[in-house]
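Structure record follows, encoded as structure tokens.
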Amino acid sequence: MRRKITGFSNPLIKRVRSLREKKHRRRENKFIAEGLRILTEAREAGYIPAIVFLEHGQEEHPLAAILCDAIESNGGDIIETSRAIIAKISGKDNAQMLVGVFDDIDVKLSDINRNDADIWMAVQDMRDPGNLGTMMRTCDAVGGGGLFLIDDCTDPFSVEAVRASMGAVFTQKIIKCTWDEFIAWKESGSGQLIGTSLNTDNDYQAVEYQTPAFVLTGNEAQGLPQDYEQYCDILVKMPMKGKADSLNAAISSAVMSYEILNQIRKK
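For the sequence shown, my numbering assigns the number 496 to the initial residue and increments by one for each residue that follows.
This is the structure in structure tokens:
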């Protein structure tokens, strides 16, 4: 259904705006994504928003027209509104002119076939949504299967994480679990768990990796807990030639994933 909303006090505007907060996302079981590129990635991955807000005239773009047709065919709502209201929803002054409301994507460990991809990522206690979104994007880039979010990780469906993922939140399987659940699942089948750590002499390029490979990255500030490291099949580190003693978590996982991808390509 198509309709117009012009008032900031409209109950739907307030409700959707509240989805920027985790407690409201949990209550509604919904999240928001913004921008034609990300919403197109979602559509191509089979995810159609229940509601889309767009500035008048935006539907004239060919991709936006396809998206709107898909929403209408799916029984969703298309809301024409002002640039100012869209900025209010997204929380950005320079907001994208399309904002979609999606149902939560719930993936369980039991849903995962580890042999669907050669590379997977696992993060433990990740706190920065920008880092997490970047890791989703990297996992997509290397043809990965998805990310295991272990313990108390930041919300992958926050506005910041979804924005940083550039649509990969829709192409990658995102699995929330505890450490014990992850280890029990990992040890029930094949695969190599690769931990990035300073507590090793193994150079990351000197190791021959096995697939499926699970690249495990710890908290940005603390790294992996030492009692978690003992469960890894191998620990590796990257050479640090400058004054910094470590890389950003998202960067190190990207370097690792591309090293594994390069080994796969050479074979």
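Glycine included, every Cβ here is placed at the ideal spot set by N, Cα and C.
Segment contact, 8 Å Cβ cut-off, at least three pairs: the region 612 to 628 with the region 650 to 668: yes
For Arg498, the residue or residues it bridges with in DSSP: Position 3 of the sequence shown, counted from the first residue, corresponds to residue 498. BP columns for Arg498 point to Ile574.
Supposed contact pair Ile500 and Val511 - C-beta distance, whole angstroms, cut 8 Å: Within the sequence shown, the letter at position 16 stands for residue 511. Within the sequence shown, the letter at position 5 stands for residue 500. That pair is no contact at about 10 Å.
Boundaries (first-last residue) of the beta strand (DSSP E) holding Ile598: If you number the sequence shown from 1, residue 598 lands on position 103. Note on identity: in this sequence residue 598 is Asp, with Ile being the wrong assignment. Note, Asp598: beta strand (DSSP E), Leu593 to Asp598.
7 Å CB neighbourhood of Thr649 in its chain, flanking five on each side removed: Numbered from its first residue, the sequence shown carries residue 649 at position 154. Met621, Arg622, Asp623, Pro624, Leu627 and Ala656, listed in sequence order.
Assigned secondary structure, Met616 (DSSP; H/G/I helix, E/B strand, else coil): By 1-based counting over the sequence shown, the position of residue 616 is 121. Met616 sits in a strand when the DSSP states are folded into three classes.
Start-to-end residues for the alpha helix (DSSP H) that takes in Glu667: By one-based count along the sequence shown, residue 667 stands at place 172. According to the sequence shown, residue 667 is Gln rather than Glu. No alpha helix (DSSP H) contains Gln667, which DSSP labels as neither H nor E.
Exposed unless 16 or more other CB atoms sit within 10 angstroms - verdict on Arg521: The sequence position of residue 521 within the sequence shown is 26, counting from 1. Arg521 is exposed by the Cβ-count criterion.
Burial state of Asp606 (16 or more Cβ within 10 Å): Counted from its first residue, the sequence shown places residue 606 at position 111. So Asp606 ends up on the exposed side.
Separation of Ala565 from Ile584, as counted between CA atoms: Numbered from its first residue, the sequence shown carries residue 584 at position 89. Numbered from its first residue, the sequence shown carries residue 565 at position 70. Looking at the two C-alpha atoms, the distance is approximately 22 Å.
Boundaries of the alpha helix (DSSP H) in which Ile561 is found, first to last residue: Indexing the sequence shown from 1 puts residue 561 at position 66. First-last of the alpha helix (DSSP H) with Ile561: Pro557 to Ser568.
Ile581 vs Glu555 beta-carbon contact at 8 Å: Residue mapping note: residue 581 aligns to position 86 of the sequence shown, counting from 1. Residue mapping note: residue 555 aligns to position 60 of the sequence shown, counting from 1. No, the pair does not count as a contact, with Cβ atoms beyond the cut-off.
Which of helix, strand or coil DSSP assigns to Ile584: To locate residue 584, count along the sequence shown from 1; it is residue 89. Of the three classes helix, strand and coil, the one that applies to Ile584 here is helix, per DSSP.
Cβ-heavy atom distance, Glu724 to the ligand FMN, below 7 Å: Because no ligand of any kind appears in the structure shown, any question about the ligand FMN cannot be addressed here.
Closest Cα partner of Pro734 within the set Pro707, Gln700, Asp722 and Ile759: Here residue 734 refers to the residue found at position 239 when the sequence shown is read from its first residue. Nearest C-alpha to Pro734: Gln700.
Contiguous beta strand (DSSP E) assignments of at least 3 residues, all confined to the region 713 to 747: 729 to 731
Spatial neighbours of Ala537 in its chain, beta-carbon cut-off 8 Å, leaving aside the 5 residues before and after: Position 42 of the sequence shown holds residue 537. Only Ala528, Ile543, Pro544, Gly595, Phe597, Gly662 and Phe665 meet the Cβ criterion.
Sequence-distant residues of its chain with Cβ nearer than 8 Å to Tyr726 (five each side left out): Here the question's residue 726 lines up with position 231 in the sequence shown. Here Tyr726 has Ile678 and Leu688 as same chain residues with Cβ atoms under 8 Å from its own Cβ, once five neighbours each way along the sequence are excluded.
Rounded Cβ spacing between Gly690 and Ile670 (contact assumed at less than 8 Å): Stepping through the sequence shown from its first residue, residue 690 is reached at position 195. Stepping through the sequence shown from its first residue, residue 670 is reached at position 175. With a Cβ gap of about 18 Å, Gly690 and Ile670 do not count as contacting.
Under 8 Å between C-beta atoms of Met592 and Ser748: Taking the first residue of the sequence shown as 1, we reach residue 592 at position 97. Taking the first residue of the sequence shown as 1, we reach residue 748 at position 253. Cβ distance not < 8 Å, so Met592 and Ser748 don't count as in contact.
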